[in-house]
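Student: Quick one: structure below, then a few questions.
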Amino acid sequence: MHNHRVIPGFGLSLGFTITYLSLIILIPLAALFLNAGGLGPAEWWRILSTPRVLAAAKLTFGASAAAAAVSVGVGLLVTWVLVRYRFPGRRLLDAMVDLPFALPTAVAGITLTSLYAPNGWLGGYLAKWGIQGAYSPFGVFIALTFIGFPFVVRTVQPVMEDLGSELEEAAATLGAGRWTVFRRVILPALVPALVTGFTLAFARAIGEYGSVIFISGNLPMKTEILPLLIVSQLEQYKYRDAAVIAAGMLLVSFTLLFLINLLQRQLDWHKR
Amino acid sequence: MSISIQSIHKAFGNYTALDDISLEVPDGSLTALLGPSGSGKTTLLRIVAGLECADPGSGRILFHGKDVSEVAAGKRGVGFVFQHYALFKHMTIAQNIAFGLDVMPFAQRPKRAEIRQRVAELLHLVRLEGLDKRRPHELSGGQRQRVALARALAIRPKVLLLDEPFGALDAQVRKELRRWLRQFHDEINLTTLFVTHDQEEALELADQVVVMRNARIEQTGTPQQIYDEPRTSFVYEFLGEVNKLPDGRYIRPHEIELRFAAEEGVDVTGRVSHLFVAGPFARVSVVPEHGRRGELEIWASRDQVEEMALANGDVIGLHFPTLKKLT
Amino acid sequence: MPHRCPTTESAPARWLLIGLALLLLSLFLLLPLLAVFVEAFRRGAEVFFAALHTDAALSAVRLTLLAAAISVPLNTVFGLAAAWAVTKHRFRGRALLISLIDLPFAVSPVIAGLVWVLLFGAKGWCGPWLAAHDLKIIFDVPGIILATVFVTFPFVARELIPLMEAQGNDQELAAVTLGASGWQMFRRVTLPNIKWGLLYGVLLCNARAMGEFGAVSVVSGHIRGKTNTLPLHVEVLYNEYQFSAAFACATLLALLALVTLGLKSAVEQISHQGATRRT
Numbered sequence: 006m007h008n009h010r011v012i013p014g015f016g017l018s019l020g021f022t023i024t025y026l027s028l029i030i031l032i033p034l035a036a037l038f039l040n041a042g043g044l045g046p047a048e049w050w051r052i053l054s055t056p057r058v059l060a061a062a063k064l065t066f067g068a069s070a071a072a073a074a075v076s077v078g079v080g081l082l083v084t085w086v087l088v089r090y091r092f093p094g095r096r097l098l099d100a101m102v103d104l105p106f107a108l109p110t111a112v113a114g115i116t117l118t119s120l121y122a123p124n125g126w127l128g129g130y131l132a133k134w135g136i137q138g139a140y141s142p143f144g145v146f147i148a149l150t151f152i153g154f155p156f157v158v159r160t161v162q163p164v165m166e167d168l169g170s171e172l173e174e175a176a177a178t179l180g181a182g183r184w185t186v187f188r189r190v191i192l193p194a195l196v197p198a199l200v201t202g203f204t205l206a207f208a209r210a211i212g213e214y215g216s217v218i219f220i221s222g223n224l225p226m227k228t229e230i231l232p233l234l235i236v237s238q239l240e241q242y243k244y245r246d247a248a249v250i251a252a253g254m255l256l257v258s259f260t261l262l263f264l265i266n267l268l269q270r271q272l273d274w275h276k277r
Numbered sequence: 112m113s114i115s116i117q118s119i120h121k122a123f124g125n126y127t128a129l130d131d132i133s134l135e136v137p138d139g140s141l142t143a144l145l146g147p148s149g150s151g152k153t154t155l156l157r158i159v160a161g162l163e164c165a166d167p168g169s170g171r172i173l174f175h176g177k178d179v180s181e182v183a184a185g186k187r188g189v190g191f192v193f194q195h196y197a198l199f200k201h202m203t204i205a206q207n208i209a210f211g212l213d214v215m216p217f218a219q220r221p222k223r224a225e226i227r228q229r230v231a232e233l234l235h236l237v238r239l240e241g242l243d244k245r246r247p248h249e250l251s252g253g254q255r256q257r258v259a260l261a262r263a264l265a266i267r268p269k270v271l272l273l274d275e276p277f278g279a280l281d282a283q284v285r286k287e288l289r290r291w292l293r294q295f296h297d298e299i300n301l302t303t304l305f306v307t308h309d310q311e312e313a314l315e316l317a318d319q320v321v322v323m324r325n326a327r328i329e330q331t332g333t334p335q336q337i338y339d340e341p342r343t344s345f346v347y348e349f350l351g352e353v354n355k356l357p358d359g360r361y362i363r364p365h366e367i368e369l370r371f372a373a374e375e376g377v378d379v380t381g382r383v384s385h386l387f388v389a390g391p392f393a394r395v396s397v398v399p400e401h402g403r404r405g406e407l408e409i410w411a412s413r414d415q416v417e418e419m420a421l422a423n424g425d426v427i428g429l430h431f432p433t434l435k436k437l438t
Numbered sequence: 017m018p019h020r021c022p023t024t025e026s027a028p029a030r031w032l033l034i035g036l037a038l039l040l041l042s043l044f045l046l047l048p049l050l051a052v053f054v055e056a057f058r059r060g061a062e063v064f065f066a067a068l069h070t071d072a073a074l075s076a077v078r079l080t081l082l083a084a085a086i087s088v089p090l091n092t093v094f095g096l097a098a099a100w101a102v103t104k105h106r107f108r109g110r111a112l113l114i115s116l117i118d119l120p121f122a123v124s125p126v127i128a129g130l131v132w133v134l135l136f137g138a139k140g141w142c143g144p145w146l147a148a149h150d151l152k153i154i155f156d157v158p159g160i161i162l163a164t165v166f167v168t169f170p171f172v173a174r175e176l177i178p179l180m181e182a183q184g185n186d187q188e189l190a191a192v193t194l195g196a197s198g199w200q201m202f203r204r205v206t207l208p209n210i211k212w213g214l215l216y217g218v219l220l221c222n223a224r225a226m227g228e229f230g231a232v233s234v235v236s237g238h239i240r241g242k243t244n245t246l247p248l249h250v251e252v253l254y255n256e257y258q259f260s261a262a263f264a265c266a267t268l269l270a271l272l273a274l275v276t277l278g279l280k281s282a283v284e285q286i287s288h289q290g291a292t293r294r295t
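Protein chains in written order, with my numbering: chain D, 6 to 277; chain H, 112 to 438; chain A, 17 to 295.
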């Protein structure tokens, strides 16, 4: 038995891990792809090229990308303030950032809707400016930003904490102004973390359901997102359509995540 | 208990860590595995401990003539001290030391009172009495080191293995602990094998030094043999400073004799390029004349340097009493 | 001119940034949280408590607790096994396995429900067989549990893998050389070292299990008093325009979130203190 492992439990833990992973995740997902894959390209094209699916895809990916981008901005500001400054209530604020992780999405959905509805606390102000908060693509964007920005804070925070002051001090002694230091020294060091944060926020936003369906109003062609479209296909017992849309959606998001991952490696490589 | 390592081979992927290693560690000896990083010394130690397995089809490890290659690490009766000690952070010092006894099968496990007694003995042995209730993070590096040693000894191992035992300590503690470990070894008289990359440590501490390089053993011998009769140029260069002459011969700085240029028996003349005197010693750098390149380093006594009234730029003679040509 | 530290911003700029962050977070986080409670009590405490005291609400709470009570322990055991396999051992395909464990994060909750419908639904692969044996998974409690297990799958593993990777194997190997068995090593050496990370993962897993909406919504069938979890019950009430009742039930979930956050901070605090003490 020359290849024995020094730390025991390898067979047991790996066996359980793979069995459980297969039963809970891989086999069900395989079922989805087999279901959808068995239909052939023509059928796929017929289902995915309908204007309703295309409109929902455009809204889902567009609003998700916009929300993730804004999350990066908001997240960077919040992280900066949390890491760099000391002020009363900082610890509380730090803990609160995780609220969107912990708050069930349905609750987030109904409370955001009540706030941004035309008669709500914030919706009223927005209406004065001619902006419709809830029941519009903008509402979808708001919900997705709410869900997404903690991902950015939590990925950037440790990197910013580890940054140390030496680099900045070096730049300052070389005569660089504060803004230059931020732009040329701090920001480049944060870029990989920001990209990771963007990716996580984006991935979560694409699939998000609970927080969106209340605020969006769910008008086909206008404010309907892909996950909702899947649900409505299911409710009409159009299992195949649901499976094809779901499989297509997964393929697109896996591809996007894969590409962003490649970009990430490039960035990390440059850093070294 | 003697250790016999017989043609052990180990590769990690394409990288050969140990290439056909054979070694005898006599009973009760203190043996050093000395080499630069990447020479395979730690891998060898871990294979002896059973923490790593030699490649299939390669040789055997014998403890006192008995093949232990197939025996699991926990059953080999080795005490292993890790480079960074690997103390259990959440346990007290006493719990750490008692761990090996606590986890014995019920039938073999000593009674509680016996365990307590044994822990107290070990704490006394490593001179840490009174620290039993502390936790590892409250101890200094040198103290943690000794806790790790006590913990390894608690199970009454037949062989003691130490991986860079002083690697993580600062210079002062290192020296103290080194002397202490030598005395300690003589007291308990346990076959001990330790890994180090510090030649001074190996030479001062060990009965037998094994110099390793690139997965192979370069030379095995007593510290005296290794220092005085290096078999390869690598061993020569690795153990202390050495002058390499352009014709491939070697000579240590203290072996070169300083003479006046016109004196008899001068092998080379040269110009003093640097002179450094500290306490009773002097370091003299000499650039040889007549087209020879490179500087020679000579260690002389302060008295001699002052007697000869040496100064930078002087031309002096050098005498080489012993010169070795090596591969 | 007052002395200015070259590596921080001027006081006004600093307070402007802090003010901006506070404003954003209040609008974005505090206000929605506050709104839950305001809306819940809009029509008085009596309506609030009445909404919680209906049979439908109570059975929704019960089902939510049941789903969490099954999925959290399952995924905790899985998390421990997976982390043990990938951090204490090296094997081919290890990197692939780690990314597969993260896979459910990239899958929409709706799809997490859909896959079970495709497997066990009336028109699904096993549907006819289940119907023949009078077994029901979809639109019933087992489906809800399966959907919850799917979405909460990676939470514990995700916390433990980086933690155990960072801790390395030295202490386990030390235990091996001292003769400890596998179980002794796990219980007496590994577990004490990862307990806070484990608790943290369990907390997050539990919060998601109790709050999951999309996945269970797909498999539940919304049968009131039977297959509604608390988040689904909130949706049903909301869609029936019983806003105060919907928000009343939502306060329970909001409280769950607040308790989770509080415990999470406490765990972070304790484990952080431990970590700094130990270096």
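All C-beta atoms in this analysis are idealised placements derived from N, C-alpha and C, irrespective of residue type, glycine included. This structure is a prediction, so every number in the text was calculated from the model and none was measured.
Where does residue 323(H) sit, in a helix, a strand or coil, going by DSSP?
Tutor: Correct three-state label for residue 323(H): strand.
Student: Round the Cβ separation of residue 129(A) and residue 215(D) to the nearest angstrom and send it over; I've been treating them as touching at under 8 Å.
Tutor: Rounded, the Cβ-Cβ distance is 12 Å, inconsistent with contact.
Student: Pull up the distance between the alpha-carbon of residue 415(H) and that of residue 382(H), whole angstroms please.
Tutor: Going by the C-alpha atoms only, they are around 17 Å apart.
Student: Let me check understanding here. Comparing Cα to Cα, which of 431(H), 112(H), 425(H) and 428(H) lies closest to residue 268(H)?
Tutor: That would be 112(H), whose Cα lies nearest to the Cα of residue 268(H).
Student: Are the beta-carbon atoms of residue 255(H) and residue 198(H) separated by less than 8 Å?
Tutor: Yes, the Cβ-Cβ distance between residue 255(H) and residue 198(H) is below 8 Å.
Student: Checking 8 Å against the spacing of the C-beta atoms, do residue 164(A) and residue 264(A) come in under that value?
Tutor: No, Cβ-Cβ distance for residue 164(A) and residue 264(A) is not below 8 Å.
Student: Using the three-state DSSP reduction, which class does residue 434(H) fall into: helix, strand or coil?
Tutor: Residue 434(H) falls in the coil class under three-state DSSP.
Student: What residues of chain D sit near residue 422(H), judged by a beta carbon separation below 8 Å?
Tutor: Those within 8 Å of residue 422(H) in chain D number zero; the least Cβ separation is about 43 Å.
Student: In whole angstroms, give me the CA-to-CA distance for residue 122(A) and residue 170(A).
Tutor: Approximately 11 Å between the Cα atoms of the pair.
Student: When every heavy atom of the ligand ATP is checked, does at least one fall within less than 7 Å of the C-beta of residue 264(A)?
Tutor: Ligands displayed in this structure: none; no statement on the ligand ATP is therefore possible.
Student: Per the DSSP calculation, residue 408(H) is bridged to which residue(s)?
Tutor: Answer is 396(H).
Student: What first and last residue would you give for the beta strand (DSSP E) that runs through residue 117(H)?
Tutor: Counting along the chain, the beta strand (DSSP E) containing residue 117(H) begins and ends at 114 to 123.
Student: Which residues in the same chain have their Cβ closer than 7 Å to the Cβ of residue 205(D), if we skip the five residues on either side of it in sequence?
Tutor: Cβ neighbours of residue 205(D) beyond the five flanking positions: 156 and 160.
Student: Report the partner residues of residue 173(H) according to the DSSP bridge assignment.
Tutor: Looking at the DSSP assignment, residue 173(H) forms a beta bridge with 115(H) and 178(H).
Student: Return the residue from the list 270(D), 257(D) and 272(D) that minimises the CA-CA distance to residue 63(D).
Tutor: The option with the nearest alpha carbon to residue 63(D) is 257(D).
Student: Once you ignore the five residues that flank residue 277(H) on each side, which residues in its own chain have a CB closer than 7 Å to its CB?
Tutor: Around residue 277(H): 285, 288, 289 and 312.
Student: Please report the residue range of the alpha helix (DSSP H) in which residue 249(A) lies.
Tutor: Per DSSP, residue 249(A) belongs to the alpha helix (DSSP H) from 246 to 255.
Student: Is the region 318 to 335 of chain H touching the region 136 to 149 of chain H, taking contact as three or more C-beta pairs under 8 Å?
Tutor: Flag = yes, the region 318 to 335 of chain H and the region 136 to 149 of chain H touch.
Student: May I ask you to report which of helix, strand or coil DSSP gives residue 191(H)?
Tutor: If DSSP states are grouped into helix, strand and coil, residue 191(H) belongs with the strands.
Student: Comparing the C-beta of residue 271(H) with each C-beta of chain A, is any distance below 8 Å?
Tutor: So, not an interface residue.
Student: What does the alpha-carbon distance come out to for the pair residue 137(A) and residue 213(D)?
Tutor: Cα to Cα, residue 137(A) sits roughly 23 Å from residue 213(D).
Student: So, helix, strand or coil for residue 229(A), using DSSP?
Tutor: Note: residue 229(A) maps to coil in three-state DSSP.
Student: From residue 391(H) to residue 352(H), what distance separates their C-alpha atoms?
Tutor: Taking the straight line joining both Cα atoms gives about 19 Å.
Student: In chain H, which residues lie less than 9 Å from residue 197(A) when you measure between Cβ atoms?
Tutor: Those are 185, 214 and 216, listed as they occur along chain H.
Student: Less than 8 Å between the CB atoms is what I'm expecting for residue 270(A) and residue 108(D), so what's the real figure, rounded?
Tutor: Sure, about 6 Å apart at Cβ, within 8 Å.
Student: Would you say residue 8(D) reaches chain H, if we count a Cβ-Cβ gap shorter than 8 Å as a contact?
Tutor: Residue confidence for residue 8(D) is low, a pLDDT of 46 falling below 50, so the modelled location carries little weight; the figure read from the coordinates is stated next. Chain H contact via Cβ: present.
Student: In angstroms with no decimal places, state the Cα-to-Cα distance between residue 86(D) and residue 125(A).
Tutor: Their backbone Cα atoms lie some 33 Å apart in a straight line.
Student: Taking 8 Å as the threshold (C-beta atoms), are residue 45(A) and residue 4(D) in contact?
Tutor: One cannot answer for residue 4(D) here, as it falls past the ends of chain D, which runs 6 to 277.
Student: So, for residue 75(D): in the same chain, excluding its five sequence neighbours on each side, which residues have a beta-carbon less than 6 Å away from its beta-carbon?
Tutor: Result list for residue 75(D): 150, in chain order.
Student: Would you report the Cα separation of residue 180(D) and residue 39(A), rounded to the nearest angstrom?
Tutor: Whole-angstrom Cα-Cα distance: 33 Å.
Student: So, for residue 17(D): in the same chain, excluding its five sequence neighbours on each side, which residues have a beta-carbon less than 7 Å away from its beta-carbon?
Tutor: There are no such residues.
Student: Are the C-beta atoms of residue 244(H) and some chain A residue less than 8 Å apart?
Tutor: Closer than 8 Å: no.
Student: Any beta-carbon of chain H closer than 8 Å to the one on residue 186(A)?
Tutor: Closer than 8 Å: yes.
Student: So residue 155(H) contacts chain D; which residues on that side make the cut at Cβ distance below 8 Å?
Tutor: None at all; the shortest Cβ gap to chain D is about 15 Å.
Student: Helix, strand or coil for residue 80(A), going by three-state DSSP, please let me know.
Tutor: Residue 80(A): helix per DSSP, three-state reduction.
Student: Taking 8 Å as the threshold (C-beta atoms), are residue 373(H) and residue 427(H) in contact?
Tutor: No, Cβ-Cβ distance for residue 427(H) and residue 373(H) is not below 8 Å.
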